[in-house]
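For reference, the structure discussed in these notes is given below.
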Amino acid sequence: MYDPKSLKAEEFISDEEIRATIAYADENKDNLELIDSILDKARPKQNGAYVTCAGLSHREASVLLACENPEKIKEMYALAEEIKQAFYGNRIVIFAPLYLSNYCVNGCVYCPYHMKNKHIARKKLTQEEVRKEVIALQDMGHKRLAIEAGEDPVNNPIEYILECIDTIYSIKHKNGEIRRVNVNIAATTVENYRKLKDAGIGTYILFQETYHKESYLKLHPTGPKHDYAYHTEAMDRAMEGGIDDVGLGVLFGLELYRYEFAGLLMHAEHLEAVHGVGPHTISVPRLKRADDIDPDQFDNGISDEIFEKICALIRIAVPYTGMIVSTRENQEVREKVLKLGVSQLSGGSRTSVGGYTEAERPHDSEQFDVSDQRTLDEVVCWLMELGYVPSFCTACYREGRTGDRFMSFCKNGQIRNCCHPNALMTLKEYLIDYAAQHTHDVGDELILKELDNIPNEKVRDIVVKNLAEITNGKRDFRF
Ligand code: SAM
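Throughout the sequence shown, residue numbering follows numbering that gives the first Met the number 0, covering 0 to 478 in sequence.
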């Protein structure tokens, strides 16, 4: 029985409800009256002094996903852009993944770290190696990391992860520092989530991979990850452990995308219903070639067009949730989805353990082939030339704006008086400390122009003063 408030995986992600949703979407995919009313519901509305968005249910969003009418799809994309502009403006938050260890006891059939892969080089960073990787990342200009590890209670126990987090936060190299560590590790216990919270993590990210239970069991034939309920209920345990920013995602390519899309939104609805706050982010990874993994062996790959439609509809359905696109996507696709609602991008990524300290991109322990192989500086410059403001901001969680506090901050429009100034000030730090000359010139011009987009005059004056202080060597201003 479907119940978004239930704490049982099979009740809040009900197979029956997903199938009924897909059937309902098929029946209504040409129902223009219904489609117009769904689009109307999702449009930003003036609510007193603020603009707010109602979002969409999994059923409503699934009707839009099924709709193939080119005019309506155009409307969907225009709406996604409008919503993105209303809440995220032209800022794009920048991060990089840091792979700590690829030891893994699971048998995930799509991942090269699976236990049976005997030829992949197994590596686990020592604390000294973590230090070197972090210095390399700081020297690129990164302030925000997502740490990644395989699941292995012997090689990568929680104590190891906690030690790495401590090391990462402790390193202050030149003007560099990592100010936010997000964590992407396997589902764990409430007690361990509490430890991660106490270590000062930002978001806890865990991809569901697939919401289709039968496929899930086949795709994860062995290891602790085989337990569908334990994996699916992980976010509830994370929230019980005090982590209120959690990141969802499915690995597109494993199952039918319409099934995954409905499941993903049901998961978001469940978190909102039970904890009063939806997911902080949603990631949209697509299956990639990697070591012994051939994506053509999987039947459910999605085209770039469908990928773009999914991104646009996530933006419309959950307007306050950040959306993350990794370097699994190439420059062209990234450019398209930035417009449709993506708010975070990784840059200069290496997906192998120890990859940042190697002169050449290593391939022997990569988790997946990287499509966007540009340097961070190239990505930053490209974003600015497209009119975006790359942001190295990490202020929200450091100021206690997490969970529902972040959501209400987002909803009451304060984001423009905080996030925009923070983006400009952290970009200025990047330009001075790390940028190539051309990037620096483009950035200075952009910052000057973007000052006008800070609505509050007092805030603007403070930003101008802080920018001068940053030029004089001070760092880490934030609202
Ligand atoms: N071991 C942890 C877990 O099981 O959740 C954490 C992270 S794993 C290093 C990060 C993610 O990479 C996985 O959740 C999966 O979605 C994705 N991934 C695995 N194999 C991939 C592939 N061949 N192509 C693209 N993404 C892949």
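The beta carbon of each residue, even a glycine, is placed where N, CA and C say it ideally should be.
Quick caveat, the model's predicted, so the values are computed rather than measured.
DSSP state of residue i mapped onto helix, strand, coil
i, result
"A435", "coil"
"V463", "helix"
"S390", "strand"
"I323", "strand"
"T425", "helix"
"I301", "coil"
"F478", "coil"
"S342", "coil"
"V129", "helix"
"R18", "helix"
"H362", "coil"
"F94", "strand"
"R314", "helix"
"K123", "strand"
"A198", "coil"
"R288", "coil"
"S348", "coil"
"Y227", "helix"
"P294", "helix"
"P156", "coil"
"F367", "coil"
"K335", "helix"
Supposed close pair residue i, residue j - CB separation, criterion 8 Å
i, j, result
"K194", "I167", "Actually they are not in contact, since the Cβ atoms of K194 and I167 sit about 15 Å apart, beyond 8 Å."
"T231", "A435", "About 45 Å; that fails the 8 Å criterion."
"V379", "Y319", "So it is not a contact: roughly 26 Å between Cβ atoms."
"T393", "K142", "6 Å"
"A422", "V388", "5 Å"
"D165", "A198", "7 Å"
"Y192", "G140", "30 Å between Cβ atoms; not a contact."
Beta carbon of residue i nearer than 8 Å to that of residue j
i, j, result
"A289", "F367", "yes"
"H91", "S342", "For the sequence presented, residue 91 should be read as Ile rather than His. Yes; because the gap between Cβ atoms is below 8 Å, this pair is in contact."
"I242", "Y203", "yes"
"G405", "C395", "Sequence check: residue 405 is Phe here, not Gly. Yes, these two residues count as a Cβ contact at 8 Å."
"A60", "L312", "yes"
"L466", "K410", "no"
"R360", "G354", "yes"
"N105", "P284", "no"
"S351", "S325", "no"
"A272", "K4", "yes"
"L339", "E80", "yes"
"S100", "G175", "no"
"L253", "Y109", "yes"
"K40", "L55", "yes"
"G201", "D244", "yes"
"N181", "L144", "yes"
"R257", "I21", "yes"
"L250", "E208", "yes"
"E10", "D2", "yes"
"Q137", "I93", "no"
"A267", "L247", "yes"
"Q330", "D376", "no"
"T280", "I323", "yes"
is_contact[residue i, chain C] using C-beta, thresh 8 Å
i, result
"V62", "No chain C appears in the structure shown, which is made up of a single protein chain."
In DSSP terms, what residue i is bridged to
i, result
"E208", "V249"
"E147", "Y98, N183"
"N46", "Y49"
"G175", "H172"
"S282", "G248, I323"
"Y203", "V182, V245"
Closer than 6 Å to the ligand SAM: residues, by C-beta to nearest heavy atom, in chain order
Y109, C110, E147, G149, E150, N183, I184, A185, L205, F206, E208, K224, L250, P284, L286, K287, A289, I292, R327, Q366, F367
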